[in-house]
Amino acid sequence: MEKIGILIEIKDGELKKTNFGVIAAARDDCHELYAFLLDGSGAEFKSHLAYYGVQKIIDISSTEGPLEWNPVSWSIAIIHAMEHLGINTLLGLTSSQGKELLPRIAAYLDAPLVMDCTDINLTEHTVNKSQFSGKTIATIKANGLSYIYGIRPNAFEEKPAPCEAEVIPYQTGPESEGLIVKEIKQGASKGIDLSEADIIISGGRGMKSSENFRILFEFADVIGAAVGASRVAVDAEWVPYSMQVGQTGATVSPKVYIACGISGSVQHFAGMKTSGLIVAVNTDPEANITKNCDYYIVSDLFEIVPILTRQIKEIVGEDQLTGTK
Amino acid sequence: MKICVCVKHVPDSAAKITIKGKNQFDESINFILNPYDEHAVEEAVRVKKQVGDSEVIAVSVGKKDAINTLRSALAMGADRAILIKTNIRADSVITSRALKAAIGQDGKPDIIFTGKASIDNEGFQTMYRLAAALNMSVASNVIAFSLDQERVLVECEMEADARGIIDMPLPCVIGTSKGLNKPSYPTLPAIMKAKKKEVKIIDLESLAIEKPMSSIEILELKPAVEERSSKELKGQPEEVVMQLIRVLREEAKVL
Ligand SMILES: Cc1cc2nc3c(=O)[nH]c(=O)nc-3n(C[C@H](O)[C@H](O)[C@H](O)COP(=O)(O)OP(=O)(O)OC[C@H]3O[C@@H](n4cnc5c(N)ncnc54)[C@H](O)[C@@H]3O)c2cc1C
Ligand SMILES: Nc1ncnc2c1ncn2[C@@H]1O[C@H](COP(=O)(O)O)[C@@H](O)[C@H]1O
């Protein structure tokens, strides 16, 4: 059985749920799944990973203990582990961490790499990914001796497939090659990451000011959504760039995308067109977004969003009371 | 100081992509300097001004029309340019090897700026391959950059508005993101002046790049189907919100 490596991401001490989509993408009858964890949490997540069909958990650490985050030493550690175990296919998320690690690994190994895959065939070494700001889907064949793929978060549905898993500790030397991570600073808009959220509510020019984004954050708080923005809102400095969705911002695939006061430019669609359900709230019935969404409401967002938040709050409250959620 | 900046000639994001044959597209559309690379050029020019006695060289791998993108970079303040001309749509393995060879021929730079991604391929990798080939340190998604003697200090965008503060030695490769700077749009005199700046054209074949072990092959291009049925939810605000909640519950199952 061919071995497939999966780079697992942990955030704030939890397994990111988008990992399970990557595991689902890698899984089939003729492959054995190896999960790589680098922060010393391998044993902790054993049962969780086994539930999704991972057979081997490679708990990577340095001879001096758990590896501190450093993209160079992490990439080298993964390469050593792959070589040690005879693994020549690696899958990870096209997340910020994946964007740091997967290309480094591909560059060191001189392996082909495709980021942001939405479909994959590990036997044929073919993948699908969108190109040209989401206007086309390319079927790409990777040729080489090893293969690295970044999977688009939420592109694959998680599928439980319980099995037995074994934790294998693997130690590498502490390696630092000039690049030093001095610190990680948390920005102002802490919250759910856009690529992790099931629901994203985004605001555009229609929001009119920075303060007005508060109503989107209030909605997001109630339901556990992330808040996004159009480029206009970012360029006006109402919100930080990390919130921008679109061709020159984040590419997202939540289950629900709610666009408030956003006209639906090609460049905005480039970042959210693969969302499950697209909902628009716009005062203009002719806005481009109303022609290419699932549901739209022709109304003032300042009226609709607060009502939505209030009603959901009531439902969430009721569910908590009756214990159904 | 010698600063290189890698710029790619890409289809304008507003242009319609018409697929030709199995894996080609109609290239008679407007092409632009890759938007992320504008930040790379801007930063290169800024560093040059700051350090003084420096040179900024824009480099591109592309068809002969890519010269227009090099002219844009020159108008933004690059001093001269190199076009590595090829008729193939080079993948990032070939591209990085070509960049390495041409940059190496020209003399090793102290810093190489690139964008964080090209908007056509969305490869997210050329800077890492280039850095590995030249044995340099690399950081991408950079939103703050400063020089300190023989080292550079950068801030890299991470998840949910976090930033990694990274210290690296020179020479290095820097992939720029949007938050780094605001590209200035060239003035007419700058555009006129750019026409007189040197653009050296090298044929990709003449670089005699060894055939790499790995490659990316586009087997097929298809238009993304994106027809959605667009139903309007109508009624008084309270009613439409109830309808929306029903959709979130029953259809999207997120409530
Ligand atoms: C190279 C390039 C890259 C780009 N990258 C991106 C990108 O990554 N992301 C991005 O978003 N854009 C990007 N753009 C910009 C894009 O072209 C559009 O300009 C932008 O998306 C428009 O933002 P908007 O929808 O918020 O504003 P507008 O197009 O002005 O739309 C505002 C909408 O709000 C509605 N509205 C106003 N008031 C209300 C109200 N009270 N209630 C409800 N609705 C209201 C209006 O009817 C209108 O439809 C890019 C452009 C270029 C050239
Ligand atoms: N053909 C090219 N010519 C010059 N630079 C390029 C080329 N392709 C990619 N690059 C650079 O590498 C960055 C990342 O590209 P990519 O790996 O294709 O996403 C771009 O932003 C450019 O700066």
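Here the protein sequences line up with chains S and A, keeping their order.
Taking this note's numbering, the leading residue of the first sequence gets 1, the next gets one more, and so forth.
Taking this note's numbering, the leading residue of the second sequence gets 1001, the next gets one more, and so forth.
Quick reminder that beta carbons are idealized off the backbone N, C-alpha and C, glycines included.
Backbone secondary structure at Thr324(S) - three-state DSSP
Confidence is the limiting factor: at Thr324(S) the pLDDT is only 48, short of 50, which leaves the residue's position unreliable, though a coordinate-based value still follows. Here Thr324(S) sits in coil by DSSP.
Alpha carbon of His125(S) to alpha carbon of Ala81(S), nearest angstrom:
22 angstroms
Three or more C-beta pairs closer than 8 angstroms, one from the stretch 307-319 of chain S and one from the stretch 1007-1025 of chain A: is that the case here?
no
Does DSSP put Ile1143(A) in a helix, in a strand, or in coil?
strand
Are there any heavy atoms of ligand 2 lying less than 7 angstroms away from the beta-carbon of Phe1124(A), as far as the coordinates show?
Answer for Phe1124(A): yes, Cβ within range of ligand 2.
What does a CB cutoff of less than 6 angstroms around Met1168(A) pick up in its chain, not counting 5 residues either side in sequence?
Ser1137, Val1152
Considering only C-alpha positions, which residue in the set Arg27(S), Val127(S), Glu158(S), Glu175(S) is nearest to Ile79(S)?
Glu175(S)
Span of the beta strand (DSSP E), counted from its first residue to its last, around Tyr257(S):
256-260
DSSP-derived helix/strand/coil call for Asp116(S)
strand
Whole angstroms is fine: what's the gap from Leu38(S)'s alpha carbon to Gln1236(A)'s?
53 angstroms
For a contact meaning CB atoms closer than 8 angstroms, what does Val256(S) contact in chain A?
Taking a Cβ-Cβ threshold of 8 angstroms, the residues of chain A close to Val256(S) are Leu1248, Ala1252, Val1254, in chain order.
CB Arg1089(A) to CB Cys293(S), shorter than 8 angstroms?
no
Given 7 angstroms as the limit, tell me if Ile262(S) has its C-beta closer than that to any heavy atom belonging to ligand 1.
yes
For Glu166(S), report the span of its beta strand (DSSP E) as first-last.
For Glu166(S), the enclosing beta strand (DSSP E) has its first and last residue at 166-172.
Contacts around His48(S), its chain only, beta-carbon distance under 7 angstroms, and the 5 residues preceding and following it disregarded
Correct list, in chain order: Leu15.
Relative to ligand 4, is the shortest distance from any of its heavy atoms to the C-beta of Asp1026(A) smaller than 7 angstroms?
Although ligand 4 was asked about, the structure shown includes only ligand 1 and ligand 2 as ligands.
Are the beta-carbon atoms belonging to Thr18(S) and Asn128(S) less than 8 angstroms from one another?
no
Distance cut-off 7 angstroms: Ser130(S) Cβ against heavy atoms of ligand 1
No, Cβ of Ser130(S) sits at least 7 angstroms from all heavy atoms of ligand 1.
Please state whether the Cβ-Cβ distance between Pro66(S) and Ser1214(A) is less than 8 angstroms.
Taking 8 angstroms as the Cβ cut-off, Pro66(S) and Ser1214(A) do not qualify as a contacting pair.
If you draw a straight line from the alpha carbon of Thr1086(A) to that of Glu1198(A), how long is it in whole angstroms?
C-alpha separation (whole angstroms): 19 angstroms.
Taking the alpha-carbon of Thr89(S) as reference, which of Asp110(S), Lys208(S), Tyr149(S), Ala43(S) has the nearest alpha-carbon?
Tyr149(S)
Every unbroken alpha helix (DSSP H) inside the stretch 1175-1251 of chain A [4 residues or more]:
1188-1194, 1237-1246
Go to Val266(S), then tell me how far its alpha helix (DSSP H) extends in each direction, as first and last residue.
266-272
Tell me whether Lys1253(A) is buried or exposed, calling it buried when 16 or more other Cβ atoms sit within 10 Å of its Cβ.
exposed
Contacts of Phe1124(A) in chain S (Cβ-Cβ under 7 angstroms)
Lys99, Pro103, Met115
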